[in-house]
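Note sheet for the following structure.
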Amino acid sequence: MKIGILGAGNIGSTLAERLSTAGHKVSIANSRDPKTVDPAALSTGATAVWAADVPAGADVVIVSIGFGQIPAVATLVSQAPAGATIIDTSNYFPHRDGRIEAIENGQVESLWVQEHFQRPVVKAWNAITTRSFDDKASRPGSPGRIALPVAADDDTQRATAMALVDETGFDAFDAGVLADSWRQQPGTPAYTTDLTIDQLPAALAKADARRSPRRRDLMMEIIADRIEAEGELDHDRLITMVRALF
Numbered sequence: 013m014k015i016g017i018l019g020a021g022n023i024g025s026t027l028a029e030r031l032s033t034a035g036h037k038v039s040i041a042n043s044r045d046p047k048t049v050d051p052a053a054l055s056t057g058a059t060a061v062w063a064a065d066v067p068a069g070a071d072v073v074i075v076s077i078g079f080g081q082i083p084a085v086a087t088l089v090s091q092a093p094a095g096a097t098i099i100d101t102s103n104y105f106p107h108r109d110g111r112i113e114a115i116e117n118g119q120v121e122s123l124w125v126q127e128h129f130q131r132p133v134v135k136a137w138n139a140i141t142t143r144s145f146d147d148k149a150s151r152p153g154s155p156g157r158i159a160l161p162v163a164a165d166d167d168t169q170r171a172t173a174m175a176l177v178d179e180t181g182f183d184a185f186d187a188g189v190l191a192d193s194w195r196q197q198p199g200t201p202a203y204t205t206d207l208t209i210d211q212l213p214a215a216l217a218k219a220d221a222r223r224s225p226r227r228r229d230l231m232m233e234i235i236a237d238r239i240e241a242e243g244e245l246d247h248d249r250l251i252t253m254v255r256a257l258f
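Heads up: the sequence shown at position 97 corresponds to 109 in our numbering, and the numbers run straight through without jumps.
This is the structure we're talking about:
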């Protein structure tokens, strides 16, 4: 498939590497000159392009940018072919993205994204830390393989995204429709807890829509406090701590 990635940060760059390795024709862009894209993202065959060129002829467009930047790329994403699958990897953090009243009032994050794009959206690759995404990919059937939830309203597009998740080294779990994707947002038991395909369904079911924003903010406060007191946290300890919170 022809895959365009908007966003060359940690997740976007790793996606470019993995999906190129899987045999897809991948282009990736940041908000600047293509020459500024990290060479590591291009190490397995992806091509750095201008952001305006990412949607052209794409079968899949992956948007991997800060949540607050979504409105700025909406017009660009709308230029993707009518049949393209649009995948959103973003998460809302008000301390970083600014307060968004619709989200604060309970709108599901990816439904807000979908409203801006005016296109069907798939939610994927949002519920894992950068470090785990980089270091914990494994082959299908590997013991303890991490599973990632994938939500969408269109069955075919969800299936496309699930196949890509598998190709990046993780079991894909069908998390249902986009309206239920709040169950994989920050502050829920499925978010950045590195669960297996057997553990993930219970975590998604346990999510509490009313409490998750408060738990998201509490999680960030606790992590910041630990870092201030102890310096950079060991990543496995971080995952254990987040699991304990939920």
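Glycine included, each C-beta is placed from N, C-alpha and C at the ideal position.
Q. Thinking C-beta only, is residue 77 closer than 9 Å to residue 129?
A. no
Q: Identify every run of the beta strand (DSSP E) within the stretch 175-215, keeping only runs that are complete inside it and at least 3 residues long; order them along the chain.
A: 183-186
(Q) Contact between the stretch 51-58 and the stretch 27-37 is defined here as three or more beta-carbon pairs at a separation below 8 Å; is this criterion met? (A) Proximity of the stretch 51-58 to the stretch 27-37 meets the contact definition, three or more beta-carbon pairs being nearer than 8 Å.
Q. Going by the beta-carbon positions, is the gap between residue 122 and residue 100 smaller than 9 Å?
A. Yes. Within cutoff.
**Q.** residue 29 classed as buried or exposed, judged by whether at least 16 other C-beta atoms fall within 10 angstroms
**A.** buried
Q | Contiguous beta strand (DSSP E) assignments of at least 3 residues, all confined to the stretch 25-61 | A | 37-41
Q: Specify the secondary structure class of residue 254 as computed by DSSP and reduced to three states.
A: In the structure shown, residue 254 falls within a helical segment according to DSSP collapsed to helix, strand and coil.
Q) Under 9 Å between the Cβ atoms of residue 110 and residue 156? A) no
Q. Quick one: what's residue 16 bridged to in DSSP?
A. 39, 73
Q: Express the C-alpha separation of residue 107 and residue 241 in angstroms, rounding to a whole number.
A: 20 Å
Q) Mind pulling the alpha helix (DSSP H) runs of 4 or more residues that sit fully within the stretch 105-148? A) 106-109, 113-116, 121-129, 142-147
(Q) Measuring straight from C-alpha to C-alpha, what distance separates residue 39 and residue 87? (A) Cα to Cα, the separation comes out at about 18 Å.
Q: Note the first and the last residue of the continuous alpha helix (DSSP H) segment covering residue 158.
A: Note, residue 158: premise wrong, no alpha helix (DSSP H); not H, not E.
Q: Would you please state the rounded distance, in angstroms, between the beta carbons of residue 70 and residue 16? I believe it to be under 8 Å.
A: Rounded, the Cβ-Cβ distance is 4 Å, consistent with contact.
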